[in-house]
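Just remember that my numbering sits 381 ahead of the position in the sequence shown, which is counted from 1. We put the CB at the ideal spot given by N, CA and C, even for glycine. This report concerns only the one structure given below.
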Amino acid sequence: MAIRSVLKSAGLASSYRSRIGTVPSAFHLKKPYSATTSTATVSKSASEPAAPIPAEAPENKVTDDQLTEKKKEEKAPKVEHGYQYGAHHWNLERAAAVALIPLISTQMTYGAHPIVDGLFGVVLPYHLYLGFESCIVDYIPKRVYPRLHKAAKWTLGTTTGLVMWGCYEFNTNDIGITEFMQRLFAA
């Protein structure tokens with residue numbers, strides 16, 4: 382420690398300070414800069430009077446601790462999903478599944494209706510999207526396969542959007558989902 386202080390005062394020591402086995406103390410802290418002008422006296426010899434030297438402003442140097450904090454912030458993975466997200470996703474899955482029950486039973490009971498077909502064309506692809514998203518999260522984890530995970534999620538989102546658009550086109554320009562299912566099972 383004494384050698385380091387001598388080298389540091391000579392400007393030869395690095396600014397790296399090991400934290401292993403050291404306890405922070407008052408000696409490690411820098412004094413805060415005061416805006417008031419403090420003067421220090423330096424006497425060159427006994428015959429000359431002391432000339433006041435104004436205090437210099439501290440340099441804007443980043444300390445080791447600040448650098449390590451910045452590196453930790455940059456390297457630390459950002460947590461996207463926690464318990465709240467999992468519970469919310471589970472609730473959305475259950476809501477989509479429960480919403481399909483009256484849609485299917487209404488279509489079976491009353492036959493084809495454009496509003497029910499439109500809702501069915503949105504809720505069914507969304508239900509499938511949530512199920513496949515769970516598979517991607519479980520079997521292609523982001524921490525292991527970050528690029529593949531992102532590609533799979535983008536592919537799933539694009540495919541779901543295209544399926545919803547296809548259902549809309551099928552319901553508005555063709556016979557509709559309900560009529561198609563009735564013809565499929567009647568044949």
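Counting C-beta atoms within 10 angstroms of its own C-beta, Pro506 has 16 or more neighbours from the protein chains shown and is therefore classed as buried. With 16 or more other Cβ atoms from the protein chains shown falling within 10 Å of its own Cβ, Thr559 counts as buried. Exclusion of the five residues before and after His494 leaves Thr487, Gln488, Thr559 as the residues of its chain whose Cβ lies within less than 8 Å of its Cβ.
A Cβ-Cβ separation of about 6 Å places Gly499 in contact with Asn552 under the 8 Å criterion.
For Ala532, the enclosing alpha helix (DSSP H) covers residues 527–554. Straight-line spacing of the CA atoms in Gly542 and Thr444 works out to 50 Å. Between Pro483 and Ile496, the alpha-carbon positions lie close to 13 Å from each other. Straight through space, the alpha carbons of Ile485 and Met562 are spaced by roughly 11 Å. Rounded to the nearest angstrom, the Cβ distance from Val504 to Met545 is 10 Å, too far for a contact under 8 Å. DSSP, read as helix, strand or coil, puts Ala480 in helix. When the Cα atoms are used, Leu473 and Arg564 turn out to be separated by approximately 31 Å. The three-state secondary structure of Thr444, taken from DSSP, is coil.
Pairing Leu481 with His508 gives a Cβ-Cβ distance under 8 Å. Straight-line spacing of the CA atoms in Ile521 and Gly512 works out to 14 Å. C-alpha of Ala478 to C-alpha of Tyr510: approximately 12 Å in a straight line. DSSP places His508 in the uninterrupted alpha helix (DSSP H) bounded by 495–520.
Taking the Cα positions, His469 is about 38 Å away from Asp446.
Scanning its chain for C-beta atoms nearer than 7 Å, with the 5 sequence neighbours on each side dropped, one finds around Ala533 the residues Ile517, Ile521, in chain order. Taking all protein chains in view, the Cβ of Phe566 is surrounded by fewer than 16 other Cβ atoms within 10 Å, so the residue is classified as exposed.
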